[in-house]
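In terms of this note's numbering, the sequence shown opens at residue 205 and continues consecutively.
Everything on this sheet refers to the single structure shown next.
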Amino acid sequence: MTNLEHQYVNGQPKRGGGKVHTLVNPATGLPIEEIAYATADDVDAAVQAAGKAFLSWSRLTPATRSEHLHALANQMSLKVPVFAALETKQTGKTIRMSTEFDVPGSLDNIRFFAGAARNRQGLAAGQYMDGTTSMTRREALGVIGSIAPWNYPLQMAVWKILPAIAAGNTIVLKPSELTPGTAWLLADCAAAAGLPDGVLNVVVGSGRETGEAIVNHKSVAMVSFTGSTAVGRHIMGMASQSAKRVHLELGGKAPFVVFDDADIEAAARGAVAASTINGGQDCTAATRAYVHDSVFDHFTGRVAELMDRMIVGDPTDPSTDMGSLISVNHRDRVAGFVDRARQTGATVLSGGYKPELEGAFYRPTLIVGAPQNSEAVQDEIFGPVLTALRFSNDTEAISLANDTEYGLAASAWTSDVDRAMRASDEIEAGCVWINDHIPLVSDMPHGGVKASGFGKDMSIYALEEYTSVKHVMINHDKRPSKAWHGTVFKENRPPSERQ
Ligand code: NAD
205 MTNLEHQYVN
215 GQPKRGGGKV
225 HTLVNPATGL
235 PIEEIAYATA
245 DDVDAAVQAA
255 GKAFLSWSRL
265 TPATRSEHLH
275 ALANQMSLKV
285 PVFAALETKQ
295 TGKTIRMSTE
305 FDVPGSLDNI
315 RFFAGAARNR
325 QGLAAGQYMD
335 GTTSMTRREA
345 LGVIGSIAPW
355 NYPLQMAVWK
365 ILPAIAAGNT
375 IVLKPSELTP
385 GTAWLLADCA
395 AAAGLPDGVL
405 NVVVGSGRET
415 GEAIVNHKSV
425 AMVSFTGSTA
435 VGRHIMGMAS
445 QSAKRVHLEL
455 GGKAPFVVFD
465 DADIEAAARG
475 AVAASTINGG
485 QDCTAATRAY
495 VHDSVFDHFT
505 GRVAELMDRM
515 IVGDPTDPST
525 DMGSLISVNH
535 RDRVAGFVDR
545 ARQTGATVLS
555 GGYKPELEGA
565 FYRPTLIVGA
575 PQNSEAVQDE
585 IFGPVLTALR
595 FSNDTEAISL
605 ANDTEYGLAA
615 SAWTSDVDRA
625 MRASDEIEAG
635 CVWINDHIPL
645 VSDMPHGGVK
655 ASGFGKDMSI
665 YALEEYTSVK
675 HVMINHDKRP
685 SKAWHGTVFK
695 ENRPPSERQ
């Protein structure tokens with residue numbers, strides 16, 4: 205990025221008309237670059253470009269759109285190390301994570317939707333009323349306003365953009381103002397791959413100004429948002445003014461239920477990986493372990509041991525296990541939850557402090573004994589913090605797992621298939637893992653229930669999110685009076701019924 209041209213509108217980099225802000229590397233505290241934010245006028249220009257592009261993009265055959273998306277994936281695959289290094293620089297996540305998880309996951313998602321573009325599904329055309337043929341058309345909606353968070357900047361951008369454009373829509377994406385780099389690079393790859401101008405526009409700026417200008421723009425057909433529940437609720441309120449469609453992927457507080465018949469070594473390793481991945485800044489991260497009384501000490505002891513061993517530090521060093529959090533402010537917010545849990549009598553078995561490092565670092569942390577109704581167990585901390593509580597029977601375990609406003613993801617650890625089936629049935633979440641926690645695949649849906657939002661990312665269901673279904677009915681009866689007209693015109697009824 206040069207010359208403060210951080211907006212990507214109509215296939216061109218462009219400088220935003222708003223105030224200039226400094227982007228900071230959270231692992232070093234050093235400035236990365238200056239960003240001129242997008243104003244409402246910049247958002248309007250992006251929406252106009254997307255609206256114009258929609259007229260032709262939505263009319264392309266699925267095969268042609270699919271070719272464009274494959275070309276984007278091919279272009280991006282030439283720059284994997286550049287994407288990975290930038291993702292690490294702007295987020296503080298480890299280079300291992302960026303290289304092995306974020307970038308390949310994004311590429312796989314693009315390739316999935318390049319294929320899915322050609323796989324629209326619906327009811328069979330047929331005669332559902334005498335003398336007629338009915339069929340459905342799945343149609344793109346128009347300009348989609350997408351707003352994304354900072355935790356997986358590239359993956360979240362891809363999850364928002366790809367199903368929408370595969371279905372024939374065009375996009376104005378606002379990445380988080382803390383992490384705009386890789387979304388910009390994606391738009392640049394799209395331009396280099398020959399994606400028509402205006403199909404993918406990126407505007408960078410604050411939520412209040414740039415984000416709200418997208419949500420309130422009259423030519424935006426739908427708002428697709430990934431972020432916190434509080435902002436999601438606010439966006440839903442604004443969108444209701446124009447009855448815009450919304451798609452909300454919100455916060456989570458995933459339970460991690462360990463039954464007495466579980467493989468405790470596997471569960472402990474799973475818990476550490478799933479609570480510290482991406483610095484715990486993952487909406488599906490394991491945050492609340494519920495562990496059967498008989499295996500509680502064994503499980504928590506092993507989790508603490510594994511957490512103690514983790515190397516926290518320079519995210520660019522391939523031997524680092526966990527990098528920094530997104531900002532010093534956010535790290536201090538995480539530390540505040542742990543300090544208050546201590547004050548209320550909970551015990552910290554591992555971590556619970558800031559290491560002696562410059563930057564937004566925090567140790568992986570295990571808290572036991574925080575009450576079920578305390579903020580450490582109920583609120584989204586969004587850091588590498590796992591709480592653990594005991595249960596004594598299956599009904600209690602499931603009831604504790606469901607006792608939160610969120611419902612994004614959950615896991616159950618057991619060697620009993622009936623228990624696994626009961627847990628997957630009764631836990632209120634968009635995804636339930638059995639004997640694992642975290643992996644998602646492009647082919648399967650992701651999205652929550654309750655305060656975690658609604659709508660699906662990934663999979664063929666995401667294509668449906670970005671389309672509407674139109675019913676087309678053809679009446680083959682050439683006579684001016686149709687059979688059903690008798691319900692309106694008396695003369696269409698048999699003579700005996702005309703009085
Ligand atoms: P956030 O809600 O603060 O911000 C998300 C995005 O919304 C950012 O781009 C921000 O600039 C924008 N925004 C903020 N205020 C806005 C407003 N008034 N109008 C329009 N846009 C506005 O979230 P965050 O801190 O960036 O991300 C962390 C949150 O995201 C966590 O709650 C996490 O659980 C959630 N998340 C959910 C999923 C999921 O799939 N459900 C995935 C990743 C992250």
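Just so you know, even glycine gets a beta-carbon here, dropped at the ideal spot from N, CA and C.
Taking the alpha-carbon positions, what's the residue i to residue j distance?
i: LYS364; j: LEU452; result: 11 Å
i: GLY431; j: ILE468; result: 33 Å
i: MET205; j: ASP464; result: Because MET205 carries a pLDDT of 45, less than 50, the predicted location of this residue cannot be relied on, and no value is offered for it.
i: LYS448; j: GLU701; result: 47 Å
i: ASP312; j: GLY651; result: 18 Å
i: TYR212; j: ASP620; result: 52 Å
i: HIS225; j: ALA466; result: 50 Å
i: VAL645; j: CYS487; result: 15 Å
i: LEU234; j: PRO649; result: 38 Å
i: TYR566; j: ALA539; result: 8 Å
i: GLU584; j: ALA614; result: 14 Å
i: ARG594; j: ALA396; result: 55 Å
i: GLY385; j: SER338; result: 47 Å
i: ALA550; j: THR491; result: 15 Å
i: GLY409; j: TRP617; result: 42 Å
i: PRO643; j: GLY456; result: 15 Å
i: GLY484; j: GLY555; result: 13 Å
i: MET677; j: HIS274; result: 35 Å
i: SER498; j: PRO588; result: 26 Å
i: LEU570; j: VAL581; result: 12 Å
i: ASP647; j: GLU271; result: 19 Å
i: PRO230; j: PRO357; result: 14 Å
i: LYS218; j: PHE541; result: 41 Å
i: ASN214; j: ASP521; result: 38 Å
Quick one, which of the options has its alpha-carbon nearest residue i's?
i: ALA472; options: VAL376, GLY505 and GLU632; result: GLY505
i: ASN373; options: ALA417, PRO266, SER302 and VAL552; result: PRO266
i: PHE658; options: VAL673, SER646 and CYS635; result: CYS635
i: TYR332; options: GLY690, THR691, HIS680 and GLY220; result: HIS680
i: VAL653; options: LYS694, ASP518 and ALA458; result: ALA458
i: VAL228; options: THR383, ILE348 and PHE429; result: THR383
i: GLN325; options: ARG697, TYR665, ARG683 and GLY690; result: TYR665
i: VAL251; options: SER350, GLU304, LEU327 and THR295; result: SER350
i: LEU404; options: GLY415, LEU389, GLY441 and GLU413; result: LEU389
i: LYS378; options: ALA242, ALA320, ALA275 and ALA257; result: ALA242
i: VAL424; options: SER444, VAL362, ILE481 and MET360; result: SER444
i: HIS641; options: ALA289, ALA391, VAL462 and THR232; result: VAL462
i: ALA152; options: MET301, ALA368, ASP401 and ARG342; result: The question about residue 152 has no answer here: the residues shown for the chain are numbered 205 through 703.
i: GLU304; options: GLN216, LEU667 and THR292; result: THR292
i: MET360; options: PHE503, ASP661, GLU668 and HIS689; result: ASP661
i: SER262; options: GLY222, GLY319 and ARG342; result: ARG342
Would you identify the three-state DSSP class for residue i, choosing helix, strand or coil?
i: GLN445; result: coil
i: LEU390; result: helix
i: MET205; result: Residue confidence is low: MET205 scores 45 on pLDDT, short of 50, so the model does not pin down where it sits. Its coordinate-derived value is still stated next. MET205 falls in the coil class under three-state DSSP.
i: GLN211; result: strand
i: GLY349; result: strand
i: ALA490; result: strand
i: ASN415; result: Residue 415 is actually Gly in this sequence, not Asn. If DSSP states are grouped into helix, strand and coil, GLY415 belongs with the helices.
i: MET788; result: No statement about residue 788 is possible, as the shown extent of the chain runs from 205 to 703 and does not include it.
i: VAL450; result: strand
i: PHE541; result: helix
i: ALA344; result: strand
i: ILE571; result: strand
i: SER270; result: helix
i: PRO217; result: strand
i: PHE565; result: coil
i: ARG683; result: coil
i: HIS225; result: strand
i: LYS283; result: coil
So, is residue i buried or exposed, given that buried needs 16 or more other C-beta atoms within 10 angstroms?
i: HIS675; result: exposed
i: PHE693; result: exposed
i: TRP354; result: buried
i: SER260; result: exposed
i: GLN547; result: exposed
i: GLU689; result: The residue asked about is misnamed: residue 689 is His in this sequence, not Glu. Exposed.
i: GLY436; result: buried
i: LYS297; result: buried
i: TYR557; result: exposed
For a cutoff of 9 Å on Cβ pairs, would you count residue i as touching chain C?
i: VAL495; result: Although the question refers to chain C, the structure presented lacks it and comprises just one protein chain.
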